[in-house]
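Plus 156 on top of the position in the sequence shown (first one is 1) and you've got the working numbering.
From the three backbone atoms N, C-alpha and C, an ideal C-beta is built for every residue, glycine too.
No experiment lies behind these values; they were computed from the predicted model shown.
In what follows, a single structure is set out as structure tokens and then discussed.
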Amino acid sequence: MNQPLKGRKIMVTREAVQALPLIRLLEGYGASCERVPLLRFEAMYNDVNRRQLTNIVPSEWLFFTSVNAVRFFHEYITSLGVQVNNKIAAVGEKTARSLNEYGYTVDFQPSTYSGKTMVEEFLHRNGTKQIALICGENARREIPELLEDAGVSFEKIVIYRTITNEHSKSLLNNMVSEVDAIFFTSPSTVDTFQQFLAPDLFEQAINNMVTVAIGETTANALHELSFRHILYPETFTIENMVEVYIDYIRKGDA
Numbered sequence: 157m158n159q160p161l162k163g164r165k166i167m168v169t170r171e172a173v174q175a176l177p178l179i180r181l182l183e184g185y186g187a188s189c190e191r192v193p194l195l196r197f198e199a200m201y202n203d204v205n206r207r208q209l210t211n212i213v214p215s216e217w218l219f220f221t222s223v224n225a226v227r228f229f230h231e232y233i234t235s236l237g238v239q240v241n242n243k244i245a246a247v248g249e250k251t252a253r254s255l256n257e258y259g260y261t262v263d264f265q266p267s268t269y270s271g272k273t274m275v276e277e278f279l280h281r282n283g284t285k286q287i288a289l290i291c292g293e294n295a296r297r298e299i300p301e302l303l304e305d306a307g308v309s310f311e312k313i314v315i316y317r318t319i320t321n322e323h324s325k326s327l328l329n330n331m332v333s334e335v336d337a338i339f340f341t342s343p344s345t346v347d348t349f350q351q352f353l354a355p356d357l358f359e360q361a362i363n364n365m366v367t368v369a370i371g372e373t374t375a376n377a378l379h380e381l382s383f384r385h386i387l388y389p390e391t392f393t394i395e396n397m398v399e400v401y402i403d404y405i406r407k408g409d410a
């Protein structure tokens with residue numbers, strides 16, 4: 157394989173398990189990777205979501221907007237012994253693939269990976285159906301707000317939370333000055349990066365470090381913190397993240 161990233165050291169801030177495909181891609185192109193998972197995910201089992209899931213039948217559709225939502229939903233629903241006969245919508249290819257791997261059939265997927273597109277195309281095709289939105293505690297407000305604006309009846313079922321990974325704090329501070337680029341896959345990783353990093357190191361990072369965001373929302377989080385060197389792809393996947401960084405290298409920008 158061509159190795160355009162040979163000699164480059166890259167920090168990957170994604171949660172440890174989810175980071176593996178990205179790390180394999182980067183290493184396949186010759187990069188060496190520093191794994192600094194800034195977040196971890198934890199299931200939320202409580203009376204509220206237990207009641208919601210055991211009475212999920214009235215919801216005609218289940219909306220999934222992340223791989224994490226799929227994983228924690230499947231684990232929870234299996235432990236409860238609840239059978240899922242609802243129709244299923246996935247925000248993008250990775251979420252749909254995860255659903256398929258757990259044995260669920262995806263009945264709707266938008267043409268592009270976007271909460272706005274998901275809601276608009278779903279309503280155009282299916283009308284205002286009863287929806288259960290399976291999500292995390294810190295899920296973005298975009299889809300709920302769009303559903304509310306359209307007058308759609310829905311309920312949020314919150315089944316996991318995102319937690320900062322304190323074990324990575326010292327590693328981040330020790331390694332940040334030694335890498336050529338940092339890959340961010342969510343606004344939460346950007347926020348935690350700032351929270352964990354010593355002020356002098358953070359100042360150096362925003363002025364000098366090449367950052368690669370998975371998409372526009374994460375890039376905006378970097379912009380808000382005044383990072384100067386921000387890359388992100390038009391299509392929000394890890395494969396396209398890697399490609400946009402390779403293009404940057406090949407153009408001699410680094």
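When the Cα atoms are used, HIS385 and ASN363 turn out to be separated by approximately 8 angstroms.
With respect to the 8 angstroms criterion, MET200 and GLU293 are classified as neighbours on the basis of their beta carbons. Contact holds between the segment 203–221 and the segment 236–247, because three or more Cβ pairs, one in each stretch, are under 8 angstroms apart. As a beta-bridge residue in DSSP terms, GLU198 pairs with ARG317. The beta carbon of ALA175 sits closer than 7 angstroms to those of VAL168, ARG191, PRO193, all from its chain and outside the five residues before and after it, given in chain order. A buried status is given to VAL366, since no fewer than 16 other beta-carbon atoms sit within 10 Å of its beta-carbon.
Between LEU327 and ASP305, the alpha-carbon positions lie close to 44 angstroms from each other. In chain order, TYR185, GLY186, ALA187 place their CB closer than 6 angstroms to the CB of LEU161, counting only its own chain and leaving out the 5 sequence neighbours on each side. The residues VAL275, in chain order, have a CB closer than 6 angstroms to that of LEU302 in the same chain once the five nearest residues on each side in sequence are set aside. Beta-bridge partners assigned by DSSP to GLU311: ALA288. Closest in alpha carbon position to ILE319, among ALA172, ILE287, GLN159, ASN205, is ALA172.
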